[in-house]
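My numbering puts the sequence shown at residues -11 to 135.
Below: the structure, in structure tokens.
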Amino acid sequence: FGDKLTRVKQWIGSEYKDMLKVWLAALAPVLKGHPNHLKFLKSVTDFILITRYHSHTETTLRYIHDVLHDSSRNIHLILSYCHDQSLSKIPKIYSLFHCIEYIKEMDSADNSDTEVSEATHTNLIKDGYHASKKVDYIPQMLRWETR
């Protein structure tokens, strides 16, 4: 990877997409003795890739269901890292289990990610910081944001 991944200061959509292309191949040797971890990562990868389709059929929705079912069998692998052993406090993961309903209601998962809102938030924060005096800037940024 060189320093491409280590240079990332904050992960956003494009970095996640770049990582998604290589993470199974990169982690497979590390997870050689942990097949369930690898299956979980493969399920997550499949889920991400198929939900990015612009339209879905009953077949693709069934595939999403199957991938979610497969990943839920190994969800305990990440729950051990959660403070209260619950996904309810991690909205992005918790919402995955409702994605089929969302896709049926909205006809696709387009624009259901957080890239646009994160980019807008980042620009607003940067504008507020640049408008501040750079000393005790947080209250100044909040005042700037609410005007």
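Built from N, CA and C at the ideal position, the CB exists for glycine as well.
Could you give the distance in angstroms between the alpha-carbon of LYS27 and the alpha-carbon of SER60?
As a first step, residue 27 must be located in the sequence shown, where it is residue number 39. As a first step, residue 60 must be located in the sequence shown, where it is residue number 72. Near 11 Å, if we compare the C-alpha coordinates of SER60 and LYS27.
Environment of ILE91 [buried if 16+ CB atoms lie within 10 Å]:
What you label residue 91 is simply residue 103 of the sequence shown in a count that begins at 1. When all chains shown are included, ILE91 counts as buried.
Taking C-alpha atoms, which residue in VAL10, LEU29, ILE66 lies nearest to VAL55?
Within the sequence shown, numbered from 1, the residue matching residue 55 stands at position 67. That would be LEU29, whose Cα lies nearest to the Cα of VAL55.
Taking 7 Å as the cut-off, is the beta-carbon of GLY21 closer than that to any non-hydrogen atom of the ligand GDP?
The ligand GDP is not part of the structure shown, which contains no ligands of any sort.
Buried or exposed: PHE85, going by 16 or more other Cβ atoms within 10 Å of its Cβ?
On the sequence shown, position 97 is the one that residue 85 refers to. Classification for PHE85: exposed.
With DSSP run on the structure shown, which of helix, strand or coil describes LYS27?
Taking the sequence shown and counting its residues from 1, the one referred to as residue 27 is at position 39. Residue state, collapsed to three classes: helix.
Whole-angstrom distance between TYR51 and HIS57, CA atom to CA atom
Along the sequence shown, one-based indexing puts residue 57 at 69. Along the sequence shown, one-based indexing puts residue 51 at 63. So the two alpha carbons sit approximately 10 Å from each other.
Host alpha helix (DSSP H) of LYS92 (start-end)
Walking along the sequence shown from the start, residue 92 turns up at place 104. Segment 87 to 94, the alpha helix (DSSP H) holding LYS92.
Does DSSP put LEU19 in a helix, a strand or coil?
Indexing the sequence shown from 1 puts residue 19 at position 31. The answer is coil: DSSP assigns LEU19 none of H, G, I, E or B.
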